[in-house]
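Student:
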């Protein structure tokens, strides 16, 4: 990276000053690297390179007008000066034909810019390292287990590992990033506040990442000693700029997080975003000892005697932290992993007393270190395939637009045929001429590349906004154009430039060029026509490929979003309530639930309302291991079911039918009620061939045998709870009640409406604000929109590929238009003769159209083969649509042929309107 | 003496005065960055130095190769007598204009 930057500085600095400018830059870089670290120095060099490039014209001007050179050396070799001549000659030619230049540059810019934009997102999500020193020594720890590897650790276990590794490696821990309600300086304390993302970290977190504050200080181990006793927070630079307008006095002010006031002690540096590569990074970091103060309650596994109501940091059986390790350069990661395993097994021995089976499980686990230098990212796992698909499509689009430019260049070379032939016969080197032509196309592509980078800076925001789901979502993912992106764009530009110039260069300098001097142009123009047509056929083929792929994605999205999810998606309005942040007692919460349900049910247009812990079609879930009588799991099979807590009206509200048994009712309200309702899948799988009503199940063998066991009172139809694509998992519903949902407040409100659910959303918000103004209410959306949210990635892909398909159609048909027009212009004398001999004008029209049709059909046929090959490799990206989906292919081909014929119609019309006399006399 | 000095030209000349025999591209740049508190590019420094040399206000010569810069040589600069006069004139003009205004300028 540094070398590339220095290379660029070398390139844009006047030769007379190169040596000292470069020397000064290296000197400055080394000083910065010593005082601020390599990362900071690299970023400085990046800025410096941009500045040097921008001030290069002024620098050249100042040197050019100077009389004496301090290093009076001979200026340049013959080779270099010839290239300069080529470039100047090329620039002159391009300036002389501005329309040609404009069309060529802008179509290349579209292709290069588009791929650079996709690449910059890919770079940010998949390729780039965290902006921390020595990211390659930074690891996260996985507990390897044959069935179920885990990356969660309890805080006591992290502390044990930290102390065990003292002197060998550094250790830190962090929770997931959670959405919380934030107030600044107590402003708006009576309202819900702003949503922000907060991460809980150990005191070593910033140390291990080698971070320094922008202002104030970062968290240290001293900030993470005692439960709920460290109300200090570090905020991100981005949050500071957004919420404090970059005011330097933000340090010391109060940030209230889910109702608990914290003092802001510091601000991180602008480039730092934490350890998770996500669309929206953490806004604030607080000591993990503050877990129960901020009511953090996501992403945990609990075992045995764990009590989720008590603070988590003190409990060895509540696992909720990601463990990070920084391994020194001279130590092998495997050594550290082995040391962690030793310590983990020691923990297992002490846990066996509380939960023997879990202790055994821990004892069978082995720790491994995974490179975390690029950060942790769920986004990476879910989006990288999509991004590669988009990049591939963008590249094909670039090929199509390069085809157009190559076609234009071939036509231009034809116009310069005589000039070239004269130069060849006067003894100009073939290589020299070919180089001239390639330099010309390189100039075009460099222009396209420069403009493309401008397009990319804008288009990447568009792509990110599409990925984030809406243009207004706060996205802090930095997709900036770093060296990798610029290098990519440069490489693409150069390849496109050479590729565009190669064809005309080879053709222009072949032997038969001598023919054109002798006037044997007919043969030559036919050859040229063939080259142009071959190009068009290829463009058509690639265009069809893009159209088919776009069609497949659109079809797949349609299937996905119209799939029967079980729930009635047309008449249900959902809302997410963050009751947790209110700090109510379980009893108060139930009073609130009752008030909410009564008020909402009394609204006009509301049929019924219910509350649930997770609710329909949302991403959160509650998964538990369980056991029943009469079902023996196969070897390696884990018996697990999803669970949800619901109020009595839930099933009728969301539109789920009872299959057998009864819904929840007054009988089940008592605090000792063990009634559950299971879904069809659970009934079919675990109670096969029996009547499930009255059957018992429990989380453990002892629970199943005791009075605590759950009793099945009904079976409800299956529904897709969160995964639209996969099979329906088993699900058990419990009736909510003050004694049953102590840990997890009901977070989802469902309202069944008689009319359009969307029309009710404003009223619903208003009513909820009246009941409890501090209650955060989010995502007031019809179920239909929730389904669309789950399919966001498919929506992005369908939209983007459709846009790509549309652009490729436009470009390919422009190519077709150009080639047919050129063909017509070459055939003017022939066509005129035909007319003079009595040919019908309509026949002439058909003659030209037939020509175009042939190209389109041959191209489409080739395209079908390409499309099939591409579509079969898409595999699991498609849902409910095969790679040979006839509708996608037929639509794509029809579209291509129709638009192609329209493009060919104009030149054909011109051909049919030729005046025979003028045409013949032109010969 | 000659046309008036631009602001950046003045900064560069003052830096040369301060640095004396240590003045070359990187030190001039550091001096201005540290004291005038602005980030600038090395080519901006050379552009100005080139101009000043053409106006006869600055002289330059090339030093010996140094290992810490990858064997690259430095180009050293110093004020010419003409440059020293121009800088003095500029300073006197500035000082004359600001006499008695120091408090108010600071309060701005």
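Protein chains in written order, with this note's numbering: chain A, 492 to 1414; chain B, 33 to 140. From the three backbone atoms N, C-alpha and C, an ideal C-beta is built for every residue, glycine too.
Give the straight-line distance between the Cα atoms of residue 653 (chain A) and residue 831 (chain A), rounded to the nearest whole angstrom.
Tutor: If I take the Cα positions, the gap works out to 9 Å.
Student: Determine the contact status of residue 746 (chain A) and residue 773 (chain A), defining contact as a CB-CB distance below 8 Å.
Tutor: Contact flag unset, no.
Student: Could you tell me whether the Cβ of residue 513 (chain A) comes closer than 8 Å to any Cβ of chain B?
Tutor: So yes, residue 513 (chain A) belongs to the interface.
Student: Kindly provide the ranges of any alpha helix (DSSP H) runs that are 4 or more residues long and lie completely inside the region 1150-1203 of chain A, ordered along the chain.
Tutor: Runs found: 1171-1177, 1192-1196.
Student: Which chain A residues sit within Cβ distance under 7 Å of residue 78 (chain B)?
Tutor: Per Cβ cutoff of 7 Å: 508, 512, 550.
Student: Under three-state DSSP, which class holds residue 515 (chain A)?
Tutor: If DSSP states are grouped into helix, strand and coil, residue 515 (chain A) belongs with the helices.
Student: Please classify residue 1313 (chain A): is it buried, with 16 or more other beta-carbons within 10 angstroms of its beta-carbon, or exposed?
Tutor: By the neighbour-count rule (16 or more Cβ atoms within 10 Å), residue 1313 (chain A) is buried.
Student: So, helix, strand or coil for residue 1239 (chain A), using DSSP?
Tutor: Here residue 1239 (chain A) sits in strand by DSSP.
Student: Alpha carbon to alpha carbon, how far is residue 127 (chain B) from residue 89 (chain B)?
Tutor: Taking the straight line joining both Cα atoms gives about 21 Å.
Student: Can you list, in chain order, the residues of its chain with a C-beta nearer than 6 Å to that of residue 1216 (chain A)? Leave out the 5 residues immediately preceding and following it.
Tutor: Excluding sequence neighbours, residue 1216 (chain A) sits near 1370.
Student: Helix, strand or coil: which one does DSSP assign to residue 980 (chain A)?
Tutor: Reduced to three states, the DSSP call for residue 980 (chain A) is helix.
Student: Could you tell me which residues DSSP puts in a beta bridge with residue 1224 (chain A)?
Tutor: Residue 1224 (chain A) is bridged to A:1135, A:1168.
Student: Would you call the region 888-898 of chain A and the region 1294-1309 of chain A touching, i.e. three or more CB-CB distances under 8 Å?
Tutor: As far as the Cβ criterion goes, the region 888-898 of chain A touches the region 1294-1309 of chain A, which means the pair count is three or higher.
Student: Report the three-state DSSP secondary structure of residue 565 (chain A) (helix, strand or coil).
Tutor: In this prediction, residue 565 (chain A) scores a pLDDT of 34, lower than 50, which makes its location untrustworthy; the coordinate-derived value is nonetheless stated afterwards. Coil at residue 565 (chain A), not helix or strand.
Student: What would DSSP say about residue 671 (chain A), mapped onto helix, strand or coil?
Tutor: If DSSP states are grouped into helix, strand and coil, residue 671 (chain A) belongs with the strands.
Student: Just curious, the beta strand (DSSP E) that residue 861 (chain A) is in, first and last residue?
Tutor: Segment 857-862, the beta strand (DSSP E) holding residue 861 (chain A).
Student: Which chain A residues are close to residue 106 (chain B), counting only those with a beta carbon under 8 Å from its beta carbon?
Tutor: Correct list: 511, 514, 515.
Student: What are the residues that DSSP puts in a beta bridge with residue 635 (chain A)?
Tutor: Answer by DSSP bridge pairing, in chain order: A:857.
Student: Nearest-angstrom Cα distance between residue 1326 (chain A) and residue 1339 (chain A)?
Tutor: C-alpha separation (whole angstroms): 14 Å.
Student: Which two residues bound the contiguous beta strand (DSSP E) that contains residue 814 (chain A)?
Tutor: Run containing residue 814 (chain A): 813-817, per the beta strand (DSSP E) assignment.
Student: Looking only at its own chain, which residues have a Cβ that is under 6 Å from the Cβ of residue 1399 (chain A), when we skip the five neighbours before and after it?
Tutor: Here the set comprises 1336, 1339, 1340.
Student: What are the start and end residues of each continuous alpha helix (DSSP H) run of 4 or more residues lying completely inside the region 1272-1325 of chain A, in chain order?
Tutor: The qualifying runs are 1274-1281, 1283-1317.
Student: Using CA atoms only, rank isn't needed, just tell me which of A:651, A:1062, A:589, A:546 is closest to residue 1244 (chain A).
Tutor: Among A:651, A:1062, A:589, A:546, the Cα nearest to that of residue 1244 (chain A) is on A:1062.
Student: Apart from the five residues just before and just after residue 598 (chain A), which ones in its own chain have a Cβ nearer than 7 Å to its Cβ?
Tutor: Correct list, in chain order: 892, 895, 896, 1302.
Student: Please list the partners that residue 83 (chain B) has in chain A, where partner means a Cβ-to-Cβ separation under 7 Å.
Tutor: Within 7 Å Cβ-Cβ: 553.
Student: So, are the CB atoms of residue 630 (chain A) and residue 824 (chain A) less than 8 Å apart?
Tutor: Closer than 8 Å, so yes.
Student: Since residue 645 (chain A) contacts residue 806 (chain A) with CB under 8 Å, what's their CB separation in whole angstroms?
Tutor: The pair is a contact, with the Cβ atoms about 6 Å apart (cut-off 8 Å).
Student: Hey, does residue 112 (chain B) have any beta-carbon neighbour from chain A nearer than 8 Å?
Tutor: Output row for residue 112 (chain B): interface = no.
Student: Going by DSSP, name the residue or residues bridged to residue 134 (chain B).
Tutor: Residue 134 (chain B) pairs with nothing; no bridge assigned.
Student: Using the C-alpha atoms, what's the distance from residue 1224 (chain A) back to residue 1057 (chain A)?
Tutor: Going by the C-alpha atoms only, they are around 15 Å apart.
Student: Does any CB atom of chain B fall closer than 8 Å to the CB of residue 665 (chain A)?
Tutor: It does not: the Cβ of residue 665 (chain A) has no partner Cβ on chain B nearer than 8 Å.
Student: Kindly indicate which three-state DSSP category residue 749 (chain A) falls into: helix, strand or coil?
Tutor: Of the three classes helix, strand and coil, the one that applies to residue 749 (chain A) here is coil, per DSSP.
Student: Starting from residue 66 (chain B), find everything on chain A with Cβ-Cβ shorter than 9 Å and list it in chain order.
Tutor: What residue 66 (chain B) touches in chain A: nothing, since even the nearest Cβ is about 12 Å away.
Student: Give a yes or no on whether the minimum CB-CB distance between residue 546 (chain A) and chain B is below 8 Å.
Tutor: Taking Cβ atoms only, chain B reaches closer than 8 Å to residue 546 (chain A), which makes this a yes.
Student: Kindly say whether residue 47 (chain B), judged by its beta-carbon, lies nearer than 8 Å to any beta-carbon of chain A.
Tutor: It does not: the Cβ of residue 47 (chain B) has no partner Cβ on chain A nearer than 8 Å.
Student: Using a C-beta to C-beta distance shorter than 7 Å, which residues of chain B count as neighbours of residue 504 (chain A)?
Tutor: 75, listed in chain order.
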